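Peer 1:
2 protein chains.
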Amino acid sequence: MGKSGEDLGVVAGLVRASFLVNAVYAESAREYGLTVQQGQLLCVLMGRPYGMSDLGGTLGLEKSSLTGLVDRAVRRGLVRREPDPDDRRAVQVLLTAEGHELAEDFYAATCRRVDDLAAGLDSQDRDRLAALLGAIVRDNEAPTVFLDARQP
Amino acid sequence: MGKSGEDLGVVAGLVRASFLVNAVYAESAREYGLTVQQGQLLCVLMGRPYGMSDLGGTLGLEKSSLTGLVDRAVRRGLVRREPDPDDRRAVQVLLTAEGHELAEDFYAATCRRVDDLAAGLDSQDRDRLAALLGAIVRDNEAPTVFLDARQP
DNA sequence: CGGCAGTAGTTCGTACTAAGAACTATGTAT
DNA sequence: ATACATAGTTCTTAGTACGAACTACTGCCG
Numbered sequence: 377m378g379k380s381g382e383d384l385g386v387v388a389g390l391v392r393a394s395f396l397v398n399a400v401y402a403e404s405a406r407e408y409g410l411t412v413q414q415g416q417l418l419c420v421l422m423g424r425p426y427g428m429s430d431l432g433g434t435l436g437l438e439k440s441s442l443t444g445l446v447d448r449a450v451r452r453g454l455v456r457r458e459p460d461p462d463d464r465r466a467v468q469v470l471l472t473a474e475g476h477e478l479a480e481d482f483y484a485a486t487c488r489r490v491d492d493l494a495a496g497l498d499s500q501d502r503d504r505l506a507a508l509l510g511a512i513v514r515d516n517e518a519p520t521v522f523l524d525a526r527q528p
Numbered sequence: 377m378g379k380s381g382e383d384l385g386v387v388a389g390l391v392r393a394s395f396l397v398n399a400v401y402a403e404s405a406r407e408y409g410l411t412v413q414q415g416q417l418l419c420v421l422m423g424r425p426y427g428m429s430d431l432g433g434t435l436g437l438e439k440s441s442l443t444g445l446v447d448r449a450v451r452r453g454l455v456r457r458e459p460d461p462d463d464r465r466a467v468q469v470l471l472t473a474e475g476h477e478l479a480e481d482f483y484a485a486t487c488r489r490v491d492d493l494a495a496g497l498d499s500q501d502r503d504r505l506a507a508l509l510g511a512i513v514r515d516n517e518a519p520t521v522f523l524d525a526r527q528p
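Those protein sequence lines, which keep their order, are chains A and B.
377 is the number of the first residue of the first sequence in my numbering; add one for each residue after it.
377 is the number of the first residue of the second sequence in my numbering; add one for each residue after it.
Have a look at this one:
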């Protein structure tokens, strides 16, 4: 198996599929007037509020990078900072009403588009793929940068 | 199946797995003193030279974005522009010797890291995953942003 | 042949991303 | 009380990405 010159190994498959997902994500963000990073920020905050450090850990950014990202999101009215009651150094970042609404819309649109990428697979293959990717996500402790639509 | 609250749907699986792949790609790039975009540029050019327009199509960038990316790669001695013999408007972008060497190293390191992401899967699951991702890549005509290591 | 629409690339201005180093303020342990 | 660690911000530097306006060449149509 695998000699036809038209099938990929796992590595190339993962990288190229990621490229597709990124492209779709970017397109979706653009449609809603967001950058990819802003879209990611909103999607993370859909789950719960985060402190800046947590947020940096989740998004894989240095704190110095995050300040600006959050600043710009605040300027756009998508997000706000609240003092952490238990630690006066710390801050909680959370969605505003407007941010929440935009996040939901962006999230739904992105789900639709990503789902379309897998439109060629039948439902059994989709399940198989979901299980395999789920294993990778779990094995590597991927942060919750995107919620599961099928909220359990 | 799928009620435990710990398994993902295809969409969340794809998005989170992509996040992992991006992180690994970025880490790899950083190790070689590259940005992600520069790494991507090198990987694309490993396959063959490209004109600026082709390159933009493949990387999903506007031509105005590409000029700078290529400029910086030229400044670092990784890439050069050659006049297209058949069209005096056009340009071929190709790897220099140094760029080729760096591309090979970066590519190999990235393959290793991405492969590690799937280290938890047995060989049958890896084949299955490769086949499913391959189908998505093909269905969506993902550009050749990353070669297959197992060159057929 | 001559003009002219389209294509290939670049330039310029604007906004955003990302990192590290230096800094402030608060918390924690001793 | 001192001393060290943690949470965030500021500043600087480099790179990314886009659209609009521009130059130069190609190809076509009459």
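By construction, the Cβ of each residue, glycine as well, lies at the ideal position given by its N, Cα and C atoms.
Since this is a predicted model, take the numbers as computed values, not measurements.
1. Quick one: using the 10 Å Cβ neighbour count with 16 as the cut-off for buried, is B:Ser-394 buried or exposed?
2. What span of residues does the beta strand (DSSP E) with B:Leu-471 cover, start to end?
3. Flag B:Phe-395 as yes when its Cβ comes closer than 8 Å to any non-hydrogen atom of the ligand GTP, and as no otherwise.
4. Going by DSSP, what residue range makes up the beta strand (DSSP E) through B:Glu-403?
5. Listed from N- to C-terminal order along the chain, which residues in the region 470 to 482 of chain A have their beta-carbon within a distance smaller than 8 Å of any beta-carbon of chain B?
6. What number of angstroms, rounded off, separates the C-alpha of A:Leu-478 from the C-alpha of B:Arg-456?
7. So which residues on chain A does B:Asp-498 lean against when the C-beta distance must stay under 8 Å?
8. Determine the chain B residues that contact A:Gly-385 at a beta-carbon separation under 7 Å, and present them in chain order.
9. Cα separation between B:Glu-438 and B:Gly-432?
10. Helix, strand or coil, according to DSSP, for B:Ser-380 in the structure here?
11. Does any CB atom of chain B fall closer than 9 Å to the CB of A:Leu-509?
12. Counting only beta-carbon separations shorter than 9 Å, does A:Pro-425 have a partner in chain B?
13. Which chain B residues are close to A:Asp-491, counting only those with a beta carbon under 8 Å from its beta carbon?
14. Does A:Arg-465 get closer than 9 Å to chain B when you measure Cβ to Cβ?
15. Within 10 Å of its beta-carbon, does B:Met-377 have 16 or more other beta-carbons around it, so buried, or fewer, so exposed?
16. Identify, in the order they occur along the chain, each residue of the same chain with its Cβ nearer than 6 Å to the Cβ of A:Ala-466, setting aside the five sequence neighbours on each side.
17. Please classify A:Ala-473 as buried or exposed, where buried requires at least 16 other C-beta atoms within 10 Å of its C-beta.
18. Might you give, ordered along the chain, the residues of its own chain that have their beta carbon closer than 8 Å to the beta carbon of A:Ala-494, omitting 5 neighbours on each side?
Peer 2: In this structure, then:
1. Flag for B:Ser-394 reads buried.
2. Secondary structure note for B:Leu-471: its beta strand (DSSP E) is the uninterrupted segment 467 to 471.
3. You won't find the ligand GTP in this model; it holds no ligand whatsoever.
4. For B:Glu-403, no beta strand (DSSP E) segment is defined; the enclosing uninterrupted segment is the alpha helix (DSSP H) at 386 to 407.
5. Per Cβ criterion, the list is empty.
6. Distance between the alpha carbons of A:Leu-478 and B:Arg-456 is about 43 Å.
7. Result: empty, since nearest Cβ-Cβ is about 10 Å, beyond 8 Å.
8. What A:Gly-385 touches in chain B: Ala-506, Asp-524, Ala-525, Arg-526.
9. Rounded to the nearest angstrom, the two C-alpha atoms are 6 Å apart.
10. Low local confidence applies: a pLDDT of 46 at B:Ser-380 is under 50, so the model's placement there is unreliable, and no value is given.
11. For A:Leu-509, the answer is yes, since a Cβ of chain B falls inside 9 Å of its Cβ.
12. In terms of beta-carbon proximity, A:Pro-425 stays away from the interface with chain B, with every pair separated by 9 Å or more.
13. What A:Asp-491 touches in chain B: Val-386, Val-387.
14. A:Arg-465 does not count as touching chain B.
15. Reliability of the predicted coordinates at B:Met-377 is poor, the pLDDT of 45 falling under 50, and no value is obtained from them.
16. Gly-427, Asp-460.
17. Exposed, by the Cβ-count rule.
18. Excluding sequence neighbours, A:Ala-494 sits near Arg-502, Leu-505.
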